[in-house]
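For what it's worth, the numbering used here labels the leading residue of the sequence shown as 102, then goes sequentially.
Have a look at the structure below before the remarks.
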Amino acid sequence: MKLLLSAAEMRACDNSTIEKMGVPSLVLMERAAISVCDVILSRFEKCNNIGVICGPGNNGGDGVAVARILHNKGFCTKVLIIGESKKFSESLKQELSIAKNYGVELSYIKNRDSISPKEFSSFFSECDLIVDAMFGIGLTRGLDGNYKSACQYINQSNKPVIAVDIPSGFDTDSGKLLGDAGVNATITVTFAYMKKGLVLGDCKEATGEIIVTDVGIYCKDNSTAKLLDDTVLDTIPWRPTIANKGTCGKVLIIAGSDKIYGACYLAALAALCSGSGLVKIYTHYNNIGTIQSCLPEAMYTAYTNYDEVSLIPDISWADAIVVGPGLGTAKAASSILKTLSKTATVPVVIDADGLNVLAKDLSILDELSAVVPVILTPHLKEMERLCGIPVSEINYDMENIASNFAKEHNCIVVLKNHTEVITSESGVYYCTSGNEALATPGSGDVLAGIIGALLGQEMDAEDAAVAGCYVHGKAGTIAAKKVGIKGLLARDIISNIHELI
Numbered sequence: 102m103k104l105l106l107s108a109a110e111m112r113a114c115d116n117s118t119i120e121k122m123g124v125p126s127l128v129l130m131e132r133a134a135i136s137v138c139d140v141i142l143s144r145f146e147k148c149n150n151i152g153v154i155c156g157p158g159n160n161g162g163d164g165v166a167v168a169r170i171l172h173n174k175g176f177c178t179k180v181l182i183i184g185e186s187k188k189f190s191e192s193l194k195q196e197l198s199i200a201k202n203y204g205v206e207l208s209y210i211k212n213r214d215s216i217s218p219k220e221f222s223s224f225f226s227e228c229d230l231i232v233d234a235m236f237g238i239g240l241t242r243g244l245d246g247n248y249k250s251a252c253q254y255i256n257q258s259n260k261p262v263i264a265v266d267i268p269s270g271f272d273t274d275s276g277k278l279l280g281d282a283g284v285n286a287t288i289t290v291t292f293a294y295m296k297k298g299l300v301l302g303d304c305k306e307a308t309g310e311i312i313v314t315d316v317g318i319y320c321k322d323n324s325t326a327k328l329l330d331d332t333v334l335d336t337i338p339w340r341p342t343i344a345n346k347g348t349c350g351k352v353l354i355i356a357g358s359d360k361i362y363g364a365c366y367l368a369a370l371a372a373l374c375s376g377s378g379l380v381k382i383y384t385h386y387n388n389i390g391t392i393q394s395c396l397p398e399a400m401y402t403a404y405t406n407y408d409e410v411s412l413i414p415d416i417s418w419a420d421a422i423v424v425g426p427g428l429g430t431a432k433a434a435s436s437i438l439k440t441l442s443k444t445a446t447v448p449v450v451i452d453a454d455g456l457n458v459l460a461k462d463l464s465i466l467d468e469l470s471a472v473v474p475v476i477l478t479p480h481l482k483e484m485e486r487l488c489g490i491p492v493s494e495i496n497y498d499m500e501n502i503a504s505n506f507a508k509e510h511n512c513i514v515v516l517k518n519h520t521e522v523i524t525s526e527s528g529v530y531y532c533t534s535g536n537e538a539l540a541t542p543g544s545g546d547v548l549a550g551i552i553g554a555l556l557g558q559e560m561d562a563e564d565a566a567v568a569g570c571y572v573h574g575k576a577g578t579i580a581a582k583k584v585g586i587k588g589l590l591a592r593d594i595i596s597n598i599h600e601l602i
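Structure below.
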């Protein structure tokens with residue numbers, strides 16, 4: 102796993118490198134510029150005319166250094182610095198002085214000048230590639246004036262765009278577009294570590310390909326958020342040679358209602374394909390015939406009118422429990438959750454309608470999480486119901502909202518979005534292994550089944566949530582390469598779990 106930093110954490114690392122380690126800021130800037138140049142040289146061999154648009158801060162200094170390095174390598178470079186000189190950072194001033202000494206062509210636009218996108222287009226007409234070095238991780242407000250015009254030009258240019266550290270116009274922590282204009286990059290070259298905003302909100306779509314480069318800044322704080330990668334797969338236990346189905350995890354799937362059966366089928370099938378030795382489905386009688394014909398490998402308990410007497414033996418049988426997919430929110434669903442809160446002795450995954458039941462009575466969650474590990478898997482709307490915060494706010498503050506809820510209710514929250522955020526009392530993880538193909542019916546049921554299976558194999562609850570998310574996303578990405586982004590079904594995700602487990 103890799104560290105994923107906020108703007109404040111990155112600044113702290115930067116300052117520590119300069120002040121405690123004694124590495125001059127200009128050295129770090131030079132390293133950053135060299136890394137951008139390396140990307141341009143390796144990825145855009147035919148681009149000989151480079152345009153660089155710089156802002157007044159250190160991101161602009163990076164851009165000037167990029168132009169100077171390329172100029173000295175024989176490239177044609179055109180540099181445009183936007184802003185009042187009295188607001189230029191000291192590092193930018195130094196880079197401008199060095200570039201001038203080397204004969205780099207430098208042009209300036211003051212804030213009081215009004216330049217249209219068309220005029221930017223004329224200035225950079227001969228350029229093959231544009232470098233966006235207007236603003237980095239310190240931006241706190243939307244682009245306006247000439248910065249906005251420059252952004253509009255960049256996005257209309259149809260030229261490759263390299264963003265320095267982060268595309269201009271976006272918040273580094275949330276990925277939110279701060280105004281009404283943000284740069285759309287072909288490649289974002291970010292320094293030292295990934296930044297949270299690059300995988301969140303509006304910015305995720307604007308970054309293009311992300312390349313993280315080592316510039317000599319190192320973070321020693323292991324409490325920061327982690328970005329999941331293939332190393333997560335190593336945490337999933339191997340099946341012993343002497344295993345039998347009774348030792349590979351018994352998972353109880355409590356799902357489906359009198360008119361809904363697909364969700365419990367998908368959750369159960371996902372659990373079986375993720376290594377569960379035994380899977381038992383507890384569902385309404387109406388579902389049994391249909392699901393049994395599709396999934397003979399599972400075991401079944403049916404009810405017509407819910408009575409906890411029929412459920413308690415299955416709760417006692419299980420090593421892990423998944424509850425909620427397709428369960429409905431009628432009285433029976435609420436009674437099932439209350440029974441679990443009183444009798445469960447193993448980890449519980451709560452998804453879909455199970456979450457909607459909890460939203461009406463969080464005391465059920467608190468009672469359950471006081472005795473067993475509980476993993477919640479809400480999407481943004483379900484999270485809104487749980488915590489009362491609007492989706493529009495959750496979307497740009499996923500980590501804090503999920504973390505606060507997890508701490509308040511002693512549970513693990515897997516907050517589902519185009520990037521998933523997994524939070525517990527002890528850690529925060531971001532999962533980007535999936536793609537837009539996972540926006541398909543039943544995808545969440547599959548995730549719940551995978552996590553349930555890993556819990557049944559005696560994985561720690563936090564580890565199971567993290568690994569389950571990663572496997573789910575990556576299996577979906579593998580499947581999408583075979584069936585297409587729009588054609589992917591939840592069953593296709595399940596069909597590719599074997600590639601990873």
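Cβ atoms here follow ideal geometry from the backbone N, Cα and C, with glycine treated the same way.
Proximity test, residue i beta-carbon vs the ligand GTP heavy atom, cut-off 7 Å
| i | result |
| --- | --- |
| V333 | Among the components modelled here there is no ligand, and therefore nothing to report on the ligand GTP. |
Rounded straight-line distance, which links the Cα of residue j to that of residue i
| i | j | result |
| --- | --- | --- |
| A168 | D139 | 12 Å |
| A576 | L459 | 29 Å |
| P542 | P491 | 23 Å |
| A127 | V205 | Correcting the residue type first, residue 127 is Leu in the shown sequence and not Ala. Each residue's alpha carbon lies about 18 Å from the other. |
| A538 | D214 | 45 Å |
| S107 | C114 | 11 Å |
| E306 | I238 | 17 Å |
| Y319 | N388 | 55 Å |
| T325 | E227 | 44 Å |
| C532 | C177 | 40 Å |
| K587 | G280 | 31 Å |
| S136 | I579 | 31 Å |
| A369 | K381 | 8 Å |
| T402 | V449 | 18 Å |
| G489 | F506 | 11 Å |
| A603 | C512 | The question about residue 603 has no answer, for the chain in this structure spans 102 to 602. |
| K147 | D546 | 47 Å |
| W339 | D452 | 27 Å |
Residue i - DSSP class collapsed to helix/strand/coil
| i | result |
| --- | --- |
| D454 | helix |
| M295 | strand |
| A234 | strand |
| K351 | strand |
| F506 | helix |
| Y497 | coil |
| E206 | coil |
| T314 | strand |
| L459 | helix |
| K517 | strand |
| V333 | helix |
| V447 | coil |
| I199 | helix |
Residue nearest to residue i in terms of C-alpha spacing, selected from the options
| i | options | result |
| --- | --- | --- |
| M499 | L516, E509, E206, H510 | L516 |
| V410 | S436, T348, A369, G152 | S436 |
| F236 | I476, V265, I255, D214 | V265 |
| I605 | T118, V572, T291, F292 | The question about residue 605 has no answer here: the residues shown for the chain are numbered 102 through 602. |
| T336 | S596, K582, G569 | G569 |
| I354 | L556, A282, M130 | L556 |
| D454 | P125, A356, V380 | A356 |
| A109 | Y294, A540, T342 | Y294 |
| L469 | G528, T444, Q257, C365 | T444 |
| C374 | A471, G550, Q257 | G550 |
| L181 | E196, I154, G528, Y254 | I154 |
| I343 | T314, G378, E196 | G378 |
| R112 | K103, L129, M102 | L129 |
| I210 | L487, K327, K194, N247 | N247 |
| S143 | L244, I288, S186 | I288 |
| D462 | I476, L438, V473 | L438 |
Span of the alpha helix (DSSP H), counted from its first residue to its last, around residue i
| i | result |
| --- | --- |
| I551 | 544-557 |
| V300 | From DSSP, V300 is part of no alpha helix (DSSP H); its letter is neither H nor E. |
| V567 | 562-584 |
| S596 | 591-596 |
| M102 | Careful: M102 lies outside any alpha helix (DSSP H) and carries neither H nor E. |
| E483 | 481-488 |
Start-to-end residues for the beta strand (DSSP E) that takes in residue i
| i | result |
| --- | --- |
| T524 | 521-524 |
| Y531 | 529-532 |
| K327 | 326-328 |
| I476 | 475-477 |
Point to revise | Residue ranges of each alpha helix (DSSP H) within the region 104-190, 4 or longer | key: 108-120, 126-144, 159-173
Practice item. Let me know the beta strand (DSSP E) ranges lying completely inside the region 367-431, each 3 residues or longer, listed in chain order. Key: 379-385, 400-404, 421-424
Point to revise | Contained alpha helix (DSSP H) runs [length at least 4] in the region 212-297, N- to C-terminal order | key: 218-224, 246-257
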